[in-house]
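For reference, the structure discussed in these notes is given below.
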Amino acid sequence: MSVVSISMPEELLDRIDQFADDHGYTGRSEVLREAGRNLLGEFEDERLEDRDLMGVITVLFDYETTTVEEKMMHLRHKHEEIVASNFHSHVGGHHCMELFVLEGSLEQISTFVGKIRATKDTLTIDYSVLPVDDFGPLADIN
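In terms of the numbering used here, the sequence shown has 134 at position 12, counting the first letter as 1, and numbering is strictly consecutive.
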């Protein structure tokens, strides 16, 4: 097994260590291996391939200390072919929430999510993806 070195904020490392202790992991390496496998498997669901999909992505960030909002605007414009809707809202004292509704292929949506995840200074990123033909009154016709 290879040994790698990564950088992360001390607070995140403390949370990983506490999670490992609380859930019976042998250590942080085991937690990070499982997290990596889960992350890589998120968009490998064969049920989603070759289908029209809808994705909802929520991004939370601190507007006083970052340029995340500007980066989100650039992503929205760069990927306008899949961004069906975008909503921005202030949350709490100094946070903003950016909500994206996407329509596209698995590859398009996973690329968009990857770019958001790579954006420095985001606090949380949450998303869901589902086939467009999997809901509504027409879903039972087949």
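Ideal Cβ positions, reconstructed from N, Cα and C, are used throughout, including at glycine.
Going by beta carbons, Glu225 and His210 fall outside the 8 Å limit. The three-state reading of DSSP puts Met195 in helix, counting H, G and I together.
Using a Cβ distance threshold of 8 Å, Leu228 and Leu170 count as a contacting pair. Residue environment analysis places Leu161 among the exposed positions, since fewer than 16 neighbouring C-beta atoms fall within 10 angstroms of its C-beta. Leu245 counts as exposed, since fewer than 16 other beta carbons sit within 10 angstroms of its beta carbon. Annotation for Arg150: Leu135, Ile138, Asp139, Ala142 place their beta carbon closer than 8 Å to its own, counting only its chain and skipping 5 residues before and after.
In terms of CA proximity to Lys242, Glu192 leads the group Phe222, Glu202, His212, Glu192.
Secondary structure within the stretch 205 to 258: the alpha helix (DSSP H) runs of 4 or more consecutive residues, fully enclosed, are 228 to 239 (chain order). By the neighbour-count criterion, in which 16 or more other beta carbons inside 10 Å mark a residue as buried, Ile179 falls on the buried side. In this structure Ile238 is buried. Its beta-carbon is surrounded by 16 or more other beta-carbon atoms within 10 angstroms. Note that the C-beta distance between Asp174 and Asp248 is not below 8 Å. Straight through space, the alpha carbons of His212 and Met195 are spaced by roughly 15 Å. Within the DSSP secondary-structure output, Phe141 pairs in no beta bridge.
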